[in-house]
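Novice: Using the numbering used here, you'd call the opening residue of the sequence shown number 5 and step up by one each time. Glycine is no exception: its CB is placed at the ideal position from the N, C-alpha and C atoms. First the structure, then my questions, so here it is.
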Amino acid sequence: MSEQSGGPASPDAAPSSNHGHQNRRDRRNRNNSWNNTNRITTFVGDPSIEFLKGYVYDVGPKSKDQFSTTTERIGQYIQGNGSFKKGGGDFINAFNPNDLRFEDIPDPTVPEDTKDIVKIEIWKLQQKEAHARRNDRQDVINAAYSIVRKQCSEALWNRVESHKRYATVQADMDVIELLKLIRNAPYTGATTRNSCVSTQDALIKLFTFKQSKPMQNADYLKKFKELTKLVAFHGTIIGIKEARVKDILKTVANDTNMPTVEEIQLAKDKAQEQFFAILLIQQADKVRFRQLIADLENSFIMGEDCYPKTITKAYEILVNYKKFTPQAHDPNEHGVSYYTPTNAESTQHNTNSNDSNNNTRDNRTQSGRGNQGSGRGGPGSGRGGRGGARGAGRGTGNGGRGARDGETHLLQQDDGANNAPNANNDNSNAPHTP
């Protein structure tokens, strides 16, 4: 049958365009299926804890900032969880990313009078409570260890496990030491690195870190402390000079010639604290704190040491520092002053100035211009006539200029220009008519 009659098309007919569309759809479906299969899912932590969703420990560009927020979030979760009511109250402080530690739970002091039955019974009760608190805390620590582990990505956890201290941390279920390993992991790079290289990297990061212009002071302090903790984590001791330690011992030691071990350690801690405090000031944003840095340097030159002794004091200075803003110049204080006349004084001054200038031009016109006319018309009788004419012409011109200046008497010089040489020029040779 023919195509016009609606019969089947001939074998040589072109394929339908619908077939091409179907091929393209098939290809898109295959690509979407491959993408869905190989898509990398974002790590969000333990899915069973909604409060911690998205608060994770990971490697990557934002990993170093995640440590503080995630650690604080876990501390809040443990303290607010009813199942951790016994012993959970200490975690909000212990999980401070800038000061990872638990407060000690000391045993009560034994009464001096051991025969006092009441005091002994109180002591036994306090000792029992302290022991129970330590047990409750350890139970929560074990649970917290598992929570922290589940918030770690596999990439980061591989770095943690590769650390030489991990086996001890794992055996003791020490969550605080685990957090310190996690804090260090984003900075270590590869799972196996030379310890010297890691230490050098930590020092470089500390000394090259500076507060950027948009960075808030609180964020600057937090990151600065993290870097100082990282340096300490690698066992590097900086900022402790022997001369500085000796100066501090003069204020903390009972006997500077025979200081105790505790006093020497205290002096070293104070020396290092001041080193970091001054570094915090020096690395602050130069746009906001350039004048502060200069003021501290100038004060030291003048014999007054105003540099902060602690990081807390340095941060307080940054927060409360008032930036100097130059004020408009007051001419009454000092410097060159300029007299500004009133309108009446200015008008009178301009009038007097104009009169003076006009008189000067008048005198210059009468004498100077007349002399020019006389001088040019002087030599010879024949040339004298022409010179006189030129002199008269010039005199007339000056008379015109004088009239423009308001001097009407200069107009009379038209007829008297030839007399100017006889009256004013003694050297003229022009003929004289009696």
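1. Starting from residue 61, follow its DSSP beta bridges and name the residues at the other end.
2. Roughly how far, in whole angstroms, is the beta-carbon of residue 106 from the beta-carbon of residue 208, given that I think they are within contact range, below 8 Å?
3. So, does the stretch 100-119 touch the stretch 158-178, judging by three or more C-beta pairs under 8 Å?
4. If you drop the 5 nearest sequence neighbours on each side, which residues of the same chain put their C-beta closer than 8 Å to that of residue 77?
5. Report yes or no: do three or more beta-carbon pairs, one from the stretch 214-226 and one from the stretch 287-294, lie closer than 8 Å?
6. Would the stretch 232-252 count as touching the stretch 201-215 if we require 3 or more Cβ pairs under 8 Å?
7. If we count the other Cβ atoms within 10 Å of its Cβ and call it buried at 16 or more, is residue 122 buried or exposed?
8. So is residue 129 buried or exposed if we call it buried at 16+ other beta carbons inside 10 Å?
9. Going straight from the alpha carbon of residue 172 to that of residue 131, what length do you get?
10. Tell me the DSSP secondary structure of residue 269 in three-state form.
11. Can the beta-carbon of residue 86 be found closer than 8 Å to that of residue 99?
12. What is the rounded straight-line gap between the Cα of residue 276 and the Cα of residue 104?
13. Helix, strand or coil, according to DSSP, for residue 303 in the structure here?
14. Tell whether a beta-carbon distance below 8 Å holds between residue 2 and residue 274.
15. May I have the straight-line CA-CA distance separating residue 73 from residue 124, to the nearest angstrom?
16. For residue 80, which of helix, strand or coil comes out of DSSP?
17. The alpha helix (DSSP H) spanning residue 316 covers which residue range?
18. Please list, in chain order, all residues of the same chain as residue 217 whose beta carbon is under 7 Å from its beta carbon, the five residues on each side excluded.
19. Considering only the beta carbon of each residue, do residue 154 and residue 49 sit closer than 8 Å?
20. How should residue 247 be labelled, buried or exposed, when 16 other C-beta atoms within 10 angstroms of its C-beta is the threshold for buried?
21. Using CA coordinates, which residue listed in 111, 110, 112, 81 is at the minimum distance from residue 97?
22. I need the DSSP call for residue 118, collapsed to helix, strand or coil.
23. Could you check which residue in 250, 148, 258 has the C-alpha nearest to that of residue 94?
24. What is the rounded straight-line gap between the Cα of residue 263 and the Cα of residue 47?
Specialist: Well, looking at it:
1. 156
2. In fact, because the Cβ distance is near 32 Å, the residues do not count as touching under 8 Å.
3. no
4. 55, 56, 59
5. Touching, yes.
6. In the pairwise beta carbon analysis, the stretch 232-252 is classified as touching the stretch 201-215: at least three pairs are separated by under 8 Å.
7. exposed
8. Classification of residue 129: exposed, given that the 10 Å Cβ count is below 16.
9. 29 Å
10. helix
11. no
12. Inter-residue distance for residue 276 and residue 104 is about 19 Å (C-alpha atoms, whole angstroms).
13. helix
14. Here the chain has residues from 5 to 438 only, and residue 2 is not among them.
15. 46 Å
16. helix
17. Counting along the chain, the alpha helix (DSSP H) containing residue 316 begins and ends at 315-324.
18. 289, 291
19. yes
20. By the neighbour-count rule (16 or more Cβ atoms within 10 Å), residue 247 is not buried but exposed.
21. 81
22. Under the three-state reduction of DSSP, residue 118 is assigned to coil, being neither helix nor strand.
23. 148
24. 54 Å
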